[in-house]
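Below you'll find the structure, written out as structure tokens, and then a few comments.
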Amino acid sequence: MKRVIVGLSGGVDSSVAAYLLKKQGYEVIGLFMKNWHDDSVTISDECPWLDDSNDALLVAEKLGIPFQTVDLSEEYKERIVDYMFNEYEKGRTPNPDVLCNREIKFDVFLKIALSLGADYVATGHYCRKDTIEKDGEKIHRLLEGKDPNKDQSYFLCQLSQEQLAKTLFPVGELLKPEVREIAKAQDLVTADKKDSQGLCFIGKVRLPEFLQQKLKPKQGNIIEISSFEEKYKRIEPKFASKKEKLEFLSSKYPYDVKDGKIVGKHQGAHYYTKGQRKGLGVGGTPEPLFVIETDVTTNTIYTGQGKLHPGLYRKALFISNEELHWVRKDLKLDVDQELEVMARIRYRQSLEKARLYMVESGMYVVFKNQQSAITEGQFVAWYINEELVGSGVIS
701 MKRVIVGLSG
711 GVDSSVAAYL
721 LKKQGYEVIG
731 LFMKNWHDDS
741 VTISDECPWL
751 DDSNDALLVA
761 EKLGIPFQTV
771 DLSEEYKERI
781 VDYMFNEYEK
791 GRTPNPDVLC
801 NREIKFDVFL
811 KIALSLGADY
821 VATGHYCRKD
831 TIEKDGEKIH
841 RLLEGKDPNK
851 DQSYFLCQLS
861 QEQLAKTLFP
871 VGELLKPEVR
881 EIAKAQDLVT
891 ADKKDSQGLC
901 FIGKVRLPEF
911 LQQKLKPKQG
921 NIIEISSFEE
931 KYKRIEPKFA
941 SKKEKLEFLS
951 SKYPYDVKDG
961 KIVGKHQGAH
971 YYTKGQRKGL
981 GVGGTPEPLF
991 VIETDVTTNT
1001 IYTGQGKLHP
1011 GLYRKALFIS
1021 NEELHWVRKD
1031 LKLDVDQELE
1041 VMARIRYRQS
1051 LEKARLYMVE
1061 SGMYVVFKNQ
1071 QSAITEGQFV
1081 AWYINEELVG
1091 SGVIS
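The sequence shown: position 44 = 744 (the numbering used here), numbered continuously.
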């Protein structure tokens, strides 16, 4: 009998994952990961880890499976929290959920599970996996979940073949309402529990306060740039090479304090992210202000009115070699190769047509349509049909 260790998070998805595996005849063990200790920044009555671990325990008891809690808070602090601080300090916007999957659930947790004699680990993610043979080798494919509203393949975009080989996604074939139905039918305490929001495993965190612990506030100017600014009328020059054109398409608009007018003050450019609308505290404009660029060196935030402001849009982005990841190593591009894909630059975004271009220093992703708020530090993931093939950090 194969042994599976399920990451029971105290939510409905992982509860049903455990139930399904048991029904399929696996020997199932539930493991709850405790990842956070500092209550000073969590909004305490929203999903503290204690409630979740109790729910996970109740589910394990109901299913008649062994249960234990592992404390991964040290690894979590080291690999996720410190990384986030560093990224924010550089003026980038990290994605903690993607990292949490790569570093915690499918690395630290996976290793613990294997040391407990597990053949597989399982989670409640809405995605699917299958295995094909190619040139005599087994290749694991990461596929979108069946539920288009819940597909979470994007969050797993950094997984490797080794990690996928050991992973099961039991709810990937189901729709969310079906998962809740199963939980109700089995009388699981998590059946009607709201989906968790906020940082992976931490619950709701007040991000500015969270960051302020390390990154000291410092006042700077909020500058508004007119959408009729000359730089937005830039005409494509004649390019000497394809690479030059790609560089041009992926380059950001340069801003200077003199380009606009000061409309307010902020407490630190590193607290803001591109495309952000809330939290600027500047009113009185005909259309709401959006952050179009942050500059942590001069501690300036550049904003523009309305979500169609040209400063928000770009057609291409770049990923450096060290931040490029292929789930399907066999489809990896060589220098000068290109590939038609569908891609997204954030979790809830629908897939967009794009083309990948490999160069010496990394890879360009050029979208068919302009994309809003391409943000450094976030992940871009690309797909062929329903398969997630690779991903990278936007530089």
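All C-beta atoms, glycine included, are put in the ideal place defined by N, C-alpha and C.
For F806, the three-state secondary structure derived from DSSP is helix. DSSP lists K734 as the bridge partner or partners of D771. Nearest to L763 by C-alpha distance, out of P937, E1023, D755, is D755.
Of the candidates G975, T973, S926, M733, the residue whose Cα lies closest to the Cα of K958 is S926. Three or more beta-carbon pairs separated by less than 8 Å are not found between the stretch 1042-1052 and the stretch 989-1004, which leaves the two stretches without contact.
According to the DSSP assignment, Y1057 belongs to no alpha helix (DSSP H) but to the beta strand (DSSP E) extending over 1052-1059. Looking at the backbone, the Cα of R1055 and that of V1066 are separated by about 5 Å. If you look at R1014, you'll find it in the beta strand (DSSP E) that goes 1013-1020. One Cα belongs to A822, the other to E1076, and the distance between them is close to 31 Å. Straight through space, the alpha carbons of G836 and E803 are spaced by roughly 30 Å. The stretch 1031-1042 and the stretch 993-1007 do not touch, with fewer than three beta-carbon pairs separated by less than 8 Å. Distance from the CA of I780 to the CA of S773, rounded to the nearest whole angstrom, comes to 10 Å. S1091 has H1025, A1081 as its beta-bridge partners, per DSSP. In this structure the stretch 940-954 does not touch the stretch 973-986; the number of beta carbon pairs closer than 8 Å is below three.
At least 9 Å separates the beta-carbon of E775 from that of V798. Between L731 and V712, the C-beta spacing is not below 9 Å. Between P870 and L720, the C-beta spacing is below 9 Å. Leaving aside the five residues that flank H966 on each side, the residues in its chain whose CB is nearer than 6 Å to its CB run, in chain order, G920, I922, I1001.
By the 16-neighbour rule on beta-carbons within 10 angstroms, M701 is exposed. Apart from the 5 residues on each side of it in sequence, A1073 sits with its Cβ closer than 6 Å to the Cβ of K974, G975, L1012 in its chain, given in chain order. For D830, the enclosing beta strand (DSSP E) begins and ends at 827-834. Collapsing the DSSP output to three states places Q912 in a helix. Distance from the CA of S815 to the CA of G824, rounded to the nearest whole angstrom, comes to 21 Å.
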